[in-house]
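**Q** Encoded as structure tokens, here's the structure I'll be asking about.
Numbering (the working numbering), first residue to last: 508 to 762.
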């Protein structure tokens with residue numbers, strides 16, 4: 508499996524806080540059946556002031572450490588980008604790490620505020636699409652507006668947005684409301700990928716294998732494979748051939 512949303516890069520956000528914790532999380536992910544991971548630190552101005560220039564050397568050092576421990580995983584750098592004006596400025600400066608590519612567009616993992624969908628969100632999505640950037644909305648099933656009315660996502664789906672469900676949500680570990688919302692998104696066929704959004708080894712663990720088994724049982728092998736294997740693989744494949752921006756140039760020797 509491939510996990511395109513996780514917080515394992517140490518000491519940059521609310522995920523792994525040190526190297527040992529980060530290595531433990533990588534080992535847990537590998538034991539959970541994950542072979543490729545996109546590390547997605549928060550980019551949230553005023554809270555986690557991350558950027559490509561800040562994150563990339565830290566990612567390089569951590570990937571080298573993981574390789575030295577002979578952990579059989581492939582690591583990529585992405586980001587979970589909070590919807591803020593400052594995020595659009597970073598995008599224009601070439602300082603946003605993308606998670607992949609899709610239909611000729613670079614894919615940004617976009618986080619909406621958990622309390623609801625801001626009035627300007629759809630306009631921001633249209634702006635991003637106009638810039639050749641396709642938003643993948645992170646964990647919409649945990650958004651209060653979406654939990655109250657899943658059809659609030661429809662305009663974003665119509666704009667072409669991908670949706671990323673969290674593995675723990677799919678199997679019911681974020682509570683009944685989140686579970687019901689995740690199932691509604693799955694039944695509408697709107698889910699693009701399932702990822703862990705794992706932060707730690709206690710209450711925010713990787714649950715990818717359990718999600719795969721759940722999806723295979725309730726939605727069939729094809730859906731499980733698409734959401735946890737083939738669609739994430741497509742994101743990474745198109746990342747390698749598409750992204751010719753600052754990040755791609757910096758990472759070219761590694762891709």
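Beta carbons are placed, not taken as given, at the ideal position from N, Cα and C, and that holds for glycine.
Quick one: Cα of residue 635 to Cα of residue 641, how far?
**A** As a first step, residue 635 must be located in the chain shown, where it is residue number 128. As a first step, residue 641 must be located in the chain shown, where it is residue number 134. Using only the alpha carbons, I get a separation of about 7 Å.
**Q** When you compare the CB positions of residue 543 and residue 580, do they come within less than 8 Å of one another, or not?
**A** Within the chain shown, residue 543 is the residue found at index 36, counting from 1. Within the chain shown, residue 580 is the residue found at index 73, counting from 1. Yes, they are a contact pair.
**Q** Nearest-angstrom Cα distance between residue 600 and residue 663?
**A** The count along the chain shown starts at 1 and reaches residue 600 at position 93. The count along the chain shown starts at 1 and reaches residue 663 at position 156. Using only the alpha carbons, I get a separation of about 25 Å.
**Q** Short check: CB of residue 670 to CB of residue 604, under 8 Å?
**A** Translated into positions along the chain shown, residue 670 becomes position 163. Translated into positions along the chain shown, residue 604 becomes position 97. No. Outside cutoff.
**Q** Any heavy atom of the ligand GDP closer than 7 Å to the CB of residue 597?
**A** This structure does not include the ligand GDP; it has no bound ligands of any sort.
**Q** Residues in the same chain with beta-carbon distance under 7 Å from residue 691, minus the five sequence neighbours each way, listed in chain order, please.
**A** Numbered from 1 along the chain shown, position 184 holds the residue referred to as residue 691. Cβ neighbours of residue 691 beyond the five flanking positions: 657.
**Q** What residue does the beta strand (DSSP E) around residue 510 start on, and which one ends it?
**A** Against the chain shown, residue 510 aligns to sequence position 3. Its beta strand (DSSP E) spans residues 509 to 513.
**Q** Tell me where the beta strand (DSSP E) around residue 581 begins and ends.
**A** Position 74 of the chain shown, counting from 1, holds the residue named residue 581. Residue 581 -> beta strand (DSSP E) spans 581 to 584.
**Q** Threshold first: 3 residues or longer. Then list the beta strand (DSSP E) segments lying entirely within the region 691 to 728, N to C.
**A** Whole beta strand (DSSP E) segments, 3+ residues: 700 to 702.
**Q** Assign residue 618 to one of two classes, buried (16 or more other C-beta atoms within 10 Å of its C-beta) or exposed (fewer than that).
**A** Locating residue 618 in the chain shown gives position 111, where the first residue counts as 1. Result: buried.
**Q** Can you tell me which of 639, 638, 726, 632 puts its alpha carbon nearest to the alpha carbon of residue 678?
**A** In the chain shown, residue 678 corresponds to position 171, counting from 1. The shortest Cα separation from residue 678 among 639, 638, 726, 632 belongs to 726.
**Q** Check the DSSP bridge columns for residue 547 and list the partner residues they point to.
**A** Here residue 547 refers to the residue found at position 40 when the chain shown is read from its first residue. For residue 547, which the question treats as bridged, DSSP gives no partner whatsoever.
**Q** Quick one, which of 632, 714, 536, 547 has its alpha-carbon nearest residue 675's?
**A** If you number the chain shown from 1, residue 675 lands on position 168. For residue 675, the nearest C-alpha among the options comes from 714.
**Q** Which one of 704, 730, 624 has the shortest CA to CA distance from residue 520?
**A** As a position in the chain shown, residue 520 is number 13, starting the count at 1. It is 704.
**Q** Using only the alpha-carbon positions, how far apart do residue 508 and residue 540 sit?
**A** Position 1 of the chain shown, counting from 1, holds the residue named residue 508. Position 33 of the chain shown, counting from 1, holds the residue named residue 540. In a straight line, the C-alpha of residue 508 is about 6 Å away from that of residue 540.
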